[in-house]
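In what follows, a structure is listed as structure tokens, so that the remarks can point back to it.
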Amino acid sequence: MKINVLIVEDDPAMRVLLKSTVLSADLDVEVAEIFEAENGKEGLEVLEKEKVDMMLVDIYMPIMDGLEMLDYARDHKEMADIPAIVVSSENNEDRIDAILRQGLGFVHKPLTHLLLKDKISEMINMKNSDAG
Amino acid sequence: MKNSSPKKKLSGESEKGMKYDLEGNSCRLNYLKTQDSREPEEEINMAKSTLRKVGKSEQDQAEVEFSVPSQSKIIRLIRNHSSNMFQPSFGDPSKLGVAKNPYYKFSKVAELSPALILIADRQGFIEYANPSFLELSQYKEEEVIGCGLEMFKSSLDYQQQYTELRTAIAKGEEWKGELINSKKRGGTFVFSATLTPVRNEYDFITSFIMVGQDITPFRETEKELKMAVEEKTVLLSELHHRVKNNLAIISGLMQLQAFTEDNISVQSKLYSSVGRVQAMANMHELLYESGSFSQLEFGQNLKKIVTSISKMYYELTQKIDVKLDVESVQLNINQAHPCSLIMNEVITNAYKHAFTKAESGKIRIQLYTQGDTVFISISDNGSGLPEDFDIDKDKTLGNTLLKTLVKQLYGSYQYISDEGGTTFTLCFKKENIKGSTSANFC
Numbered sequence: 001m002k003i004n005v006l007i008v009e010d011d012p013a014m015r016v017l018l019k020s021t022v023l024s025a026d027l028d029v030e031v032a033e034i035f036e037a038e039n040g041k042e043g044l045e046v047l048e049k050e051k052v053d054m055m056l057v058d059i060y061m062p063i064m065d066g067l068e069m070l071d072y073a074r075d076h077k078e079m080a081d082i083p084a085i086v087v088s089s090e091n092n093e094d095r096i097d098a099i100l101r102q103g104l105g106f107v108h109k110p111l112t113h114l115l116l117k118d119k120i121s122e123m124i125n126m127k128n129s130d131a132g
Numbered sequence: 001m002k003n004s005s006p007k008k009k010l011s012g013e014s015e016k017g018m019k020y021d022l023e024g025n026s027c028r029l030n031y032l033k034t035q036d037s038r039e040p041e042e043e044i045n046m047a048k049s050t051l052r053k054v055g056k057s058e059q060d061q062a063e064v065e066f067s068v069p070s071q072s073k074i075i076r077l078i079r080n081h082s083s084n085m086f087q088p089s090f091g092d093p094s095k096l097g098v099a100k101n102p103y104y105k106f107s108k109v110a111e112l113s114p115a116l117i118l119i120a121d122r123q124g125f126i127e128y129a130n131p132s133f134l135e136l137s138q139y140k141e142e143e144v145i146g147c148g149l150e151m152f153k154s155s156l157d158y159q160q161q162y163t164e165l166r167t168a169i170a171k172g173e174e175w176k177g178e179l180i181n182s183k184k185r186g187g188t189f190v191f192s193a194t195l196t197p198v199r200n201e202y203d204f205i206t207s208f209i210m211v212g213q214d215i216t217p218f219r220e221t222e223k224e225l226k227m228a229v230e231e232k233t234v235l236l237s238e239l240h241h242r243v244k245n246n247l248a249i250i251s252g253l254m255q256l257q258a259f260t261e262d263n264i265s266v267q268s269k270l271y272s273s274v275g276r277v278q279a280m281a282n283m284h285e286l287l288y289e290s291g292s293f294s295q296l297e298f299g300q301n302l303k304k305i306v307t308s309i310s311k312m313y314y315e316l317t318q319k320i321d322v323k324l325d326v327e328s329v330q331l332n333i334n335q336a337h338p339c340s341l342i343m344n345e346v347i348t349n350a351y352k353h354a355f356t357k358a359e360s361g362k363i364r365i366q367l368y369t370q371g372d373t374v375f376i377s378i379s380d381n382g383s384g385l386p387e388d389f390d391i392d393k394d395k396t397l398g399n400t401l402l403k404t405l406v407k408q409l410y411g412s413y414q415y416i417s418d419e420g421g422t423t424f425t426l427c428f429k430k431e432n433i434k435g436s437t438s439a440n441f442c
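Protein chains in written order, with my numbering: chain A, 1 to 132; chain B, 1 to 442.
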């Protein structure tokens, strides 16, 4: 199985880190292509043009934040089923709970390979079992 | 003050023909009778006597009361320096001070005071406004007399202070507050005022006295200071956020290198460094989250350190049970910094080495204070330190760092180890001094 991953993160160094982590995380699936976006608006533009199978999305970004972007995606059928993992340094437990209740994954920054690998596998399996 | 006849005043003659001349110790009072004058001789003698006393004094100005059967007259005497004689000034008797009248002094206080003073009748209509109030509010006396106190109410009176004031007047109670008042020609001033009811001998309220001061400059300075502090707080918070993010990226990149490193020894060293960077990042995160940039809740910090280590040693985390028993201890950042790094070294060591032969293990972390002394202990039920381990001879980076940091805290530490596990204890005196060396021996 090959997947396309979209990384939405405003910090260029963090984008490099996320991309490298995804590529070296020894995932159960093969990564075909990684798309990058600097904010939620750019992320939605990628989603409209490209076939994306997994999203890693930061919360706090200029122009459009990650949660706003994911809200929009959930309301649009063609984007609604794409598994998304929120990658953030958010510490507020209530806000993290709210993210998890929406069926989103959450990985705290700084992320580790093993945590990311587990979370990506979990999200893909969840989607496959839903589809099945 | 209205003088009925300024020209006559110079010559020392009143409309009723009174003339006073004083020279040296002598006093001469001339009373020029007019058609309606009925003053008896003894009153004139009394006035003469008073004027003699005044004449002996060194005063430049004096006032005497001169009673006549119909009414009380008030004569103000001003020394003419060229003739060294006192000349009477025949002003409006109701406005002239009365030396013998004690209330005169108090009315002068109101007139000369830099405080803002208003007197209102029992319904709250202004009867008197002192010159300080008139000057600040830019109104003339005749413009405010008879008006309600609300005439100064500004649209900036957000907190309904005038409503409170009106209620106090209706209830006849004392009131204190800050009124944002309008000036006549635009602008506002903050009147910090106290309203006090004045009661007569029958305990009925006859008027209200409102005394206070203009605190506009204080409020403006306070506002500027608040804004400056807020700006600095936001900047400091932003700074800590950025430092934390940068450290998170550095630790992430190092972790990435560690993950792809084949050499186990290099990988281990990289992971140790990742832990140290993350311990620093955690502190910056807590600092901007708490909003206090000099104090750190160290119990919370310990929890963060444990979370970071457990994430990094994800596989080991499954078999290690960590129990935190921590008091809320506020530490100065200068102490929290070395202390965090010490904790990171010791807890990481316990994770990596205590349970290599065991299927599971427990780590207990305690933080408490006794007076000014902070105690931290980290104990595990692992295999204990190797028999040949000598803390004083160990030259590893971790141990060197530990010793240096404990020294920086002016603290002491010890490792106690046996087959039941290892216990590390650290104690140091809590200090709040700014600077890099803010601790003492415990």
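All C-beta atoms in this analysis are idealised placements derived from N, C-alpha and C, irrespective of residue type, glycine included.
Say whether chain B places a C-beta atom closer than 7 Å to the C-beta of Leu114/A.
yes
Roughly how many angstroms lie between the CA atoms of Gln257/B and Gln278/B, to the nearest whole one?
15 Å
Where Asn432/B sits in the DSSP three-state scheme
coil
Is Thr317/B close to chain A, meaning its C-beta is less than 7 Å from at least one C-beta of that chain?
no
Please go through the same chain and pick out, in chain order, the residues whose beta-carbon is closer than 6 Å to the beta-carbon of Gln138/B, but skip the five residues on each side of it.
Lys183, Lys184, Arg185
Would you say Tyr314/B reaches chain A, if we count a Cβ-Cβ gap shorter than 7 Å as a contact?
yes
Would you say Ile365/B and Phe424/B are within 7 Å of each other, going by their C-beta atoms?
no
From Asp325/B to Val29/A, what does the alpha carbon distance come to, in whole angstroms?
42 Å
DSSP state of Asp92/B mapped onto helix, strand, coil
Its pLDDT being 47, under 50, Asp92/B is placed unreliably in this model, and the value from its coordinates should be taken loosely. Three-state result, Asp92/B: coil.
Residue range of the alpha helix (DSSP H) that includes Lys232/B:
216-260
With the cut-off set at 7 Å, would you say Asn263/B and Asn332/B are in Cβ contact?
no
Between the Cα of Val87/A and those of Asp81/A, Lys77/A, Met14/A, spot the shortest distance and give me the residue it belongs to.
Met14/A
With 7 Å set as the bound, which would you pick, yes or no: does the beta-carbon of Leu253/B sit closer than that to a beta-carbon of chain A?
yes
Can you check whether the C-beta of Lys352/B is within less than 7 Å of a C-beta belonging to chain A?
no
Just to confirm, is the Cβ distance from His113/A to Ala32/A under 7 Å?
no
Taking three-plus beta-carbon pairs below 8 Å as touching, is the segment 361-376 of chain B in contact with the segment 397-408 of chain B?
no
Please confirm whether Phe298/B has its beta-carbon closer than 7 Å to some beta-carbon of chain A.
no
Delimiting residues of the beta strand (DSSP E) encompassing Glu36/A
30-37
In chain A, what lies closer than 7 Å to Phe259/B by C-beta?
Ser24, His113
Which residues in the same chain have their Cβ closer than 8 Å to the Cβ of Leu23/A, if we skip the five residues on either side of it in sequence?
Val31, Ile34
Starting from Phe106/A, trace the beta strand (DSSP E) in both directions and tell me its first and last residue.
105-108
Tell me which residues of the segment 383-411 of chain B have at least one Cβ-Cβ distance to chain E shorter than 9 Å, keeping chain order.
In the structure shown, chain E does not exist; the protein chains are A and B.
In chain A, which residues lie with their C-beta within 8 Å of the C-beta of Glu289/B?
Asn91
Cβ neighbour criterion (16 or more within 10 Å) applied to Asn128/A:
exposed
Here's the rule I'm using: 16 or more other beta-carbon atoms within 10 Å means buried, otherwise exposed. How should Ser412/B be labelled?
exposed
Exposed unless 16 or more other CB atoms sit within 10 angstroms - verdict on Thr422/B
buried
What span of residues does the beta strand (DSSP E) with Ile180/B cover, start to end?
175-182
By the criterion of Cβ-Cβ separation under 9 Å, what are the contact partners of Gln278/B in chain A?
Pro110
Which ranges does the beta strand (DSSP E) cover as unbroken runs of at least 3 residues, wholly within the segment 60-130 of chain A, from first to last along the chain?
84-88, 105-108
Could you check which residue in Tyr314/B, Gly382/B, Asp321/B has the C-alpha nearest to that of Lys117/A?
Tyr314/B
Is it the case that the CB of Ser417/B approaches a heavy atom of the ligand ATP more closely than 6 Å?
Among the components modelled here there is no ligand, and therefore nothing to report on the ligand ATP.
In DSSP terms, what Met55/A is bridged to:
Leu6/A, Ala84/A
Other residues of its chain near Ala129/B: CB distance less than 7 Å, five sequence neighbours each side excluded
Leu118, Glu141, Val144
In terms of residue numbering, what span does the alpha helix (DSSP H) encompassing Ile145/B cover?
Segment: none, Ile145/B is in no alpha helix (DSSP H) and carries neither H nor E.
To the nearest angstrom, report how far apart Ser37/B and Glu178/B are at their CA atoms.
Because the pLDDT of Ser37/B is 48, which lies under 50, any placement of that residue in the model is unreliable, and the number read from its coordinates should be weighed accordingly. Straight-line Cα distance between these residues: approximately 54 Å.
Three-state secondary structure (DSSP) at Gln370/B?
strand
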